[in-house]
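A.B. asks: Using our numbering, read the sequence shown as starting at 167 and increasing by one per residue.
We treat Cβ as the ideally placed atom computed from N, Cα and C, and that holds for glycine.
Since the model is a prediction, treat every value here as computed from it, not as a measurement.
Please see the structure below; I have some questions.
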Amino acid sequence: MNLILLGAPGAGKGTQGEIIRERLDIPAISTGVMLREAIKAGTQLGMQAKAIIDQGGLVPDEVVNGIVKERLAQDDCKNGFILDGFPRTLPQAQALDAMGVEIHKVLYIQVPDQIIEERLGNRRVCEGCGATYHLINQPSSAGDLCERCGGRLAVRKDDKPETIRERLATYHQLTEPLVDYYRGQGKLCEIDGSTTIEASTEATLRVLEEQG
Ligand code: AP5
Ligand code: MG
């Protein structure tokens with residue numbers, strides 16, 4: 167199954183993507199994760215992306231389209247994949263269609279803006295393996311350290327209140343039009359992501375079991 171996870175910053179795309187990845191044994195491909203890895207590695211792409219990400223804007227379409235095209239051509243995507251955070255603009259969605267990639271379902275995780283600020287303010291990310299936690303909703307059993315690898319937990323650089331507001335504005339302006347785009351293609355599956363992680367997972371799995 168070829169899936170897209172669509173939703174605002176902090177909607178839970180990464181959290182649900184990880185769960186679906188394990189269940190379906192298909193790769194979860196997050197453009198955000200790939201860009202942060204490029205920043206960490208100090209590549210040319212990383213240097214180009216850093217200032218944009220820190221300000222809450224979007225990396226140019228042609229750059230992201232190229233990364234995704236290359237990634238989807240890899241062998242592990244043959245039996246399906248989950249795209250997290252791509253496409254994020256209409257030109258990106260059109261580029262994906264032009265790649266000849268068939269998408270089966272678009273999981274649209276809906277969360278009101280008021281909840282987003284609290285979620286991202288309390289998110290902590292492992293500096294080692296990138297695992298995601300939440301101080302209240304999903305705490306690490308190892309306290310300030312990652313329960314998987316023992317790495318230090320930190321606040322993501324773009325989770326500052328002013329950057330969160332900028333990311334939300336970018337989302338409403340450039341990404342939300344994709345809701346109608348995929349509804350028009352009959353692929354949109356709406357998921358209430360506003361309550362708990364468990365309830366979002368149940369709703370996500372229900373949608374995946376539905377035919378068509
Ligand atoms: P990206 O990394 O994709 O960030 P984002 O879209 O802003 O989304 P987040 O990763 O912040 O949130 P999420 O939905 O994954 O939520 P999570 O599961 O962590 O992109 C970063 C940047 O890279 C972009 O701003 C842009 O600059 C650039 N970029 C990336 N892709 C691009 C593209 N295609 N084109 C151009 N530029 C691109 O959950 C959040 C928190 O809430 C966690 O702490 C979690 O534990 C908790 N939580 C999750 N679900 C629930 C729930 N149901 N109830 C309670 N708590 C929950
Ligand atoms: Mg994420």
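Just mark residue 195 as buried or exposed, buried being the case when its beta carbon has 16 or more other beta carbons within 10 Å.
C.D. replies: buried
A.B. asks: Just to confirm, is the Cβ distance from residue 285 to residue 300 under 8 Å?
C.D. replies: Their beta carbons are under 8 Å apart, which means residue 285 touches residue 300 by this criterion.
A.B. asks: Return the first residue and the last residue of the alpha helix (DSSP H) that residue 141 is part of.
C.D. replies: Since the displayed the chain opens at 167 and closes at 378, residue 141 lies outside it and no answer follows.
A.B. asks: Taking contact to mean 3 or more Cβ pairs, one atom from each stretch, closer than 8 Å, check whether the segment 240-259 and the segment 310-329 are in contact.
C.D. replies: no
A.B. asks: Can you check DSSP and say which residues form a bridge with residue 300?
C.D. replies: 289, 304
A.B. asks: In angstroms, rounded to a whole number, what distance separates the CA positions of residue 266 and residue 312?
C.D. replies: 39 Å
A.B. asks: Residue 169 and residue 270: beta carbons closer than 8 Å?
C.D. replies: yes
A.B. asks: Find out if the Cβ-Cβ distance for the pair residue 319, residue 310 is shorter than 8 Å.
C.D. replies: yes
A.B. asks: May I ask which residues mark the beginning and end of the alpha helix (DSSP H) holding residue 274?
C.D. replies: Looking at the DSSP string, residue 274 is not in any alpha helix (DSSP H); the run it does join, the beta strand (DSSP E), is 271-276.
A.B. asks: For residue 177, name the three-state secondary structure that DSSP assigns.
C.D. replies: coil
A.B. asks: Please name the residue or residues paired with residue 358 in a DSSP beta bridge.
C.D. replies: 276
A.B. asks: Going by DSSP, which residues form a beta bridge with residue 252?
C.D. replies: BP columns for residue 252 are empty, so no partner.
A.B. asks: Roughly how many whole angstroms lie between the Cα atoms of residue 317 and residue 290?
C.D. replies: 11 Å
A.B. asks: Quick test of the definition: if touching needs 3 or more C-beta pairs under 8 Å, does the segment 346-361 touch the segment 272-287?
C.D. replies: Yes, the segment 346-361 is in contact with the segment 272-287.
A.B. asks: Can you name, in chain order, every residue of its own chain whose Cβ lies under 6 Å from the Cβ of residue 333, other than the five neighbours on each side?
C.D. replies: 175, 222.
A.B. asks: Below 8 Å between beta carbons: does that hold for residue 363 and residue 288?
C.D. replies: no
A.B. asks: Within 10 Å of its beta-carbon, does residue 292 have 16 or more other beta-carbons around it, so buried, or fewer, so exposed?
C.D. replies: Buried, since its Cβ has 16 or more Cβ neighbours within 10 Å.
A.B. asks: For residue 368 and residue 208, what's the separation of their Cα atoms in angstroms?
C.D. replies: 39 Å
A.B. asks: Please state whether the Cβ-Cβ distance between residue 224 and residue 218 is less than 8 Å.
C.D. replies: yes
A.B. asks: Is it true that the segment 177-185 meets the segment 233-243, where meeting means three or more beta-carbon pairs spaced less than 8 Å apart?
C.D. replies: Using a Cβ-Cβ distance cut-off of 8 Å, the segment 177-185 and the segment 233-243 are not in contact, since fewer than three pairs of beta carbons, one from each stretch, lie closer than that value.
A.B. asks: To the nearest angstrom, report how far apart residue 307 and residue 296 are at their CA atoms.
C.D. replies: 16 Å
A.B. asks: Specify, as a first and last residue, the run of the alpha helix (DSSP H) that residue 318 falls within.
C.D. replies: Element bounds for residue 318: n/a, residue is neither H nor E.
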